[in-house]
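Note that this note's numbering numbers the sequence shown so that position 20 is 3, with each residue one more than the last.
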Amino acid sequence: MNWRKRMPIAAAALALLCGLAAAALADVAMPAAANDPRLLLAQATVPPTGMTDLDKPMPMDERYRRRFPQPARVGDLIGLPVLDLNASTIGYVQQIVRTPAGRIELIVAYSRWWGWFGRPVAVPLEALGIAGRQLVSLDMPPGDYAAAPTWQGAGAAVLPPDAIIRVALARS
-16 MNWRKRMPIA AAALALLCGL AAAALADVAM PAAANDPRLL LAQATVPPTG
34 MTDLDKPMPM DERYRRRFPQ PARVGDLIGL PVLDLNASTI GYVQQIVRTP
84 AGRIELIVAY SRWWGWFGRP VAVPLEALGI AGRQLVSLDM PPGDYAAAPT
134 WQGAGAAVLP PDAIIRVALA RS
């Protein structure tokens, strides 16, 4: 055999020996991860996401607070699509209002036909979460939109586009 055929075999054997030696030295030089006092493990607690968590009943307001609400400008939310948990469009945000009771509601043009030609329905802020440039209906299934009365706007104050509200995060 000439040296051109032997060289790749020798290089592979050398790499294998180096890898085995490094693994053997790592076992000797490094303590086990479970015994290392410098290693800190943390477990993330993911809050319930909404209507699919029937075994963990929790009020909608409490779930909203556990979803890490973030400030959002009202003008940036107008026109965003509202999706159900299957990523189908329920409707589009028309405006955001504050009710006489002080609660914030998003007025969504609900339609069974992908949000086109919809009628206005009031959706509590706590029922929605934001995921990028769309809102997700976490605590209100599409059947609740269909059963909701058409919004009339009695006594509600429309929030200006530069107002800031806190919208919960939705995980995708």
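Beta carbons are placed, not taken as given, at the ideal position from N, Cα and C, and that holds for glycine.
A quick note: this is a predicted structure, and the numbers were derived from the prediction, not measured.
- In the three-state reduction of the DSSP assignment, G136 falls in the coil class.
- Per DSSP, the continuous alpha helix (DSSP H) segment holding R48 begins and ends at M43 to R49.
- The stretch 142 to 149 and the stretch 115 to 130 do not touch, with fewer than three beta-carbon pairs separated by less than 8 Å.
- For P54, no alpha helix (DSSP H) run applies; the uninterrupted beta strand (DSSP E) run containing it begins and ends at Q53 to R56, by DSSP.
- Within the same chain, I79, R81, L108 and I148 come within 7 Å of I87 by CB-CB distance, once the 5 residues on both sides are set aside.
- Looking from the CA of Q117, the closest CA among W96, L152, A139 and G101 belongs to L152.
- For the pair G112 and V119, the CB atoms are nearer than the 8 Å cut-off.
- Contact between the stretch 43 to 54 and the stretch 129 to 136 is absent: fewer than three C-beta pairs spanning the two stretches fall below 8 Å.
- If you check the CB distance, G62 and V76 come in under 8 Å.
- The straight-line gap separating the alpha-carbon atoms of A92 and A70 is approximately 17 Å.
- The continuous alpha helix (DSSP H) containing P125 extends over residues P125 to A130.
- Per DSSP, the beta-bridge partners of T72 are L66.
- A residue is called buried when at least 16 other Cβ atoms come within 10 angstroms of its Cβ; A139 meets this threshold and is buried.
- The Cβ-Cβ distance between V65 and G58 does not fall below 8 Å.
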